[in-house]
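The next block holds one structure in the form of structure tokens; read it before the comments.
In the UniProt record's numbering, the protein residues as written are 1 to 266.
So, in structure tokens, the structure goes:
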């Protein structure tokens, strides 16, 4: 099943990128956009676009907002309140295009469309739960998440152990440049081209999804030809590990996906 957010405990859920506002009709439009994002001068070290979650004790949004506001000129916060500023794509994209890093905490669930807006803007995402991206978009994102993002455990933010500004300031210039280059290379993989036209050499999110489905069908066909029980070589609750990591066994993210703990981690 193709979904915008997959369950980490389901054999047949496969996540695809959220649609964004960029639907190019030509390869040139994609290349021009990538070059533009590559050349932008970014004023802020990091930014966050979102709403507070006062009634959600498990959410770290309030802590992130307070840290952002305390960072003064190094962080910019766009509050998604009743003024509906976040409903205007130009406001969100302007923020992300002016930022080196974009904070992407879980929303009402693991994922949020803002992840893809930030990638299209050439902004390096900062995740706080592996379920927000790393075990989701296995056909569209690099397996090595260190190439394109920063991971800060939710629990470190909640307990006050993580100082976001300090952590991001310590990321070397060379690593920032490498991650930004990787993000810009990912842009074609997370966009859906204008359906009335067809891109030339570029594979967009739709193309990669079709390839992923065909690979999956081939895997299942081979299992059936070998007389194996399809999908039952491992427990379904290990699905995230099998598809995202490529192997089973103990893993550092096990606590995040324990049903006993809940959806937002340890």
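Glycine residues also receive a C-beta, built at the ideal position from the N, C-alpha and C atoms.
(request) With a threshold of 16 other CB atoms inside 10 Å of the CB of residue 1, please say whether the residue is buried or exposed. (result) By the beta-carbon neighbour count (other beta carbons within 10 angstroms, threshold 16), residue 1 is exposed.
(message) Whether or not the region 12 to 22 and the region 63 to 75 are in contact is what I'm after, with contact meaning three or more pairs of Cβ atoms, one per stretch, closer than 8 angstroms; do they touch?
(response) Judged by Cβ distances under 8 angstroms, the region 63 to 75 makes no contact with the region 12 to 22, as fewer than three pairs qualify.
(message) Under 8 angstroms: does the beta carbon of residue 208 sit that close to some heavy atom of the ligand PLP?
(response) Here there are no bound small molecules, and the ligand PLP is not part of this structure.
(request) Pull up the DSSP beta-bridge partners for residue 79, would you. (result) Answer is 50.
(message) Going by the DSSP bridge assignment, what does residue 268 pair with across the sheet?
(response) Any question about residue 268 goes unanswered here, given that the chain covers just 1 to 266.
(message) Run through the DSSP bridge pairs and tell me what residue 99 is partnered with.
(response) Secondary-structure assignment with DSSP links residue 99 through a beta bridge to 44.
(request) Measure the C-alpha to C-alpha separation of residue 260 and residue 23 and round it to an integer number of angstroms. (result) Confidence in residue 260 is poor, its pLDDT being 46 and thus under 50, which makes the residue's placement too unreliable to answer from.
(message) To the nearest angstrom, how far is the alpha carbon of residue 247 from that of residue 135?
(response) Our two residues, residue 247 and residue 135, have alpha carbons roughly 13 angstroms apart in a direct line.
(request) Just tell me which of 9, 3, 5 and 4 has its CA closest to the CA of residue 235. (result) Of 9, 3, 5 and 4, the residue nearest in Cα terms is 9.
(request) Give me the Cα-Cα distance between residue 27 and residue 200, rounded to the nearest whole angstrom. (result) For residue 27 and residue 200, the distance between alpha carbons rounds to 6 angstroms.
(request) Grab me the residues of residue 171's own chain with a C-beta within less than 6 angstroms of its C-beta, minus the 5 sequence neighbours each way, in chain order. (result) No residues qualify anywhere along the chain.
(request) Could you work out which residue in 49, 218 and 195 is closest to residue 81 when comparing CA atoms only? (result) Nearest C-alpha to residue 81: 49.
(request) Name the residue from 181, 198, 186 and 205 whose alpha carbon lies nearest to the alpha carbon of residue 192. (result) Per the Cα distances, 205.
(request) To the nearest angstrom, report how far apart residue 212 and residue 139 are at their CA atoms. (result) Straight-line spacing of the CA atoms in residue 212 and residue 139 works out to 6 angstroms.
(request) Could you name each continuous beta strand (DSSP E) segment of 3 residues or more that falls completely within the region 88 to 166, going from the start of the chain to the end? (result) Taking only runs of at least 3 residues, the beta strand (DSSP E) segments lying wholly in the region 88 to 166 are 99 to 104 and 124 to 127.
(message) Need the endpoints of the alpha helix (DSSP H) that residue 66 sits in, please.
(response) 61 to 70 is the extent of the alpha helix (DSSP H) around residue 66.
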